[in-house]
Amino acid sequence: MNNLVLAFPLYNYLKFCNESHNEKTILDCGAGGSNPPLSLFYEHGYKTYGIEICKKQLEKANVFCKEQNMNLNIIWGDMLKIPFPNSFFGFLFSYNTSVHIKKNDFMIALSEFHRVLKDDGLCYVNFLSENCDSCGEGKEISDGEYVTIQNNEEVLYVHYKDTEIESLLSKFEIIYKEERTVKRKQNAKYISSGFYEYILKKK
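Here the sequence shown stands for residues 5 to 207, numbered as in this note's numbering.
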């Protein structure tokens, strides 16, 4: 493998994908950045597609693709209106995108994920839990949604309760769930972040 993908939970998702009989087409919703996780699936023989709404992150992904000689097919696109037809993909993932999207909007995104997946297609999503040191920081604009100022810009962080996530996923069958806590050292102290990880199957 040429590239180490830092989104480590996706290695577990890849295992589920490889065990499936679905066509090896995969979409990443939120695919930009300097180290696109789509490269992991590309190196395992998947036909990859990605959408990214932030032009700066899209540019970084394009630089990566050129440097690594990988055609990941990442284009500008909005996960609230995915620019692909119904039942187009065998697999889909959206890593850490729910962290910065309002809950009502992510409900729309989940409906779009369901729409573009084939029957029995698999989907990976994760959510920031309330078990985070940062939960409650900033101005609360709605339940679990907080706006903070970082580098003179407003940044939205969205935290979920376990029970409310399950209600959002009613169109899918939950085939894998994990609650994960990540600790990292920052300014001489450890900061904890909690996540809920899901692998879903389209009903």
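Note that beta-carbon positions come from the ideal geometry of N, C-alpha and C, so glycine has one too.
Discussion item. Helix, strand or coil, according to DSSP, for Asn90 in the structure here?
Written reply: coil
Worksheet item: If Glu201 and Arg188 are in contact, beta carbons under 8 angstroms, what's the gap, nearest whole angstrom?
Response: In fact, because the Cβ distance is near 17 angstroms, the residues do not count as touching under 8 angstroms.
Fill in: Exposure label - Ser196; buried when at least 16 CB within 10 Å
exposed
Fill in: Given Lys207 as reference, the closest of Lys165, Ser115, Pro89, Leu42 once Cα atoms are compared
Ser115
Discussion item. Report the CB separation of Ser38 from Lys64 in whole angstroms; it is logged as a contact under 8 angstroms.
Written reply: Indeed they touch by this definition, with Cβ atoms about 4 angstroms apart.
Worksheet item: Considering Val151, what are the terminal residues of the beta strand (DSSP E) in which it resides?
Response: If you look at Val151, you'll find it in the beta strand (DSSP E) that goes 149-154.
Discussion item. Measuring only the C-alpha atoms, how far is Tyr161 from Tyr150?
Written reply: 5 angstroms
Worksheet item: CA-CA distance, Met83 and Asn135?
Response: 27 angstroms
Discussion item. If contact is defined by three or more beta carbon pairs under 8 angstroms, each pair taking one atom from either stretch, is the segment 64-82 in contact with the segment 35-53?
Written reply: yes
Worksheet item: For Ala11, which option in Asn100, Ile179, Asp109 has the closest C-alpha, if you only look at C-alpha atoms?
Response: It is Asn100.
Worksheet item: So with Cβ pairs under 8 angstroms, would you call Pro13 a contact of chain D?
Response: Looking at the structure shown, chain D is missing, and only one protein chain is on hand.
Worksheet item: Which whole-angstrom value is the C-beta distance of Phe95 and Gly125, which I expect to be below 8 angstroms?
Response: Confirmed, about 6 angstroms.
Item to complete: Using the Cα positions of Gly34 and Phe176, report the straight-line distance between them to the nearest angstrom.
Response: 20 angstroms
Worksheet item: In chain order, what residues of the same chain have a beta carbon less than 7 angstroms from the beta carbon of Leu18, not counting five sequence neighbours either side?
Response: If the five residues before and after Leu18 are omitted, its C-beta is found closer than 7 angstroms to the C-beta atoms of Leu44, Phe45, His48, all from its own chain and listed in chain order.
Worksheet item: Grouping DSSP H, G and I as helix and E and B as strand, with all else coil, what is Phe110?
Response: helix
Worksheet item: By the 10 Å Cβ neighbour count, where 16 or more other Cβ atoms means buried, how is Asp123 classified, buried or exposed?
Response: So Asp123 counts as exposed.
Worksheet item: Hey, how far is the Cα of Ser133 from the Cα of Val103?
Response: 9 angstroms
Worksheet entry | Burial state of Met5, where buried means 16 or more other Cβ atoms lie within 10 Å | In this predicted model, Met5 has a pLDDT of only 48, less than 50, meaning its place in the structure is not dependable enough to derive any value.
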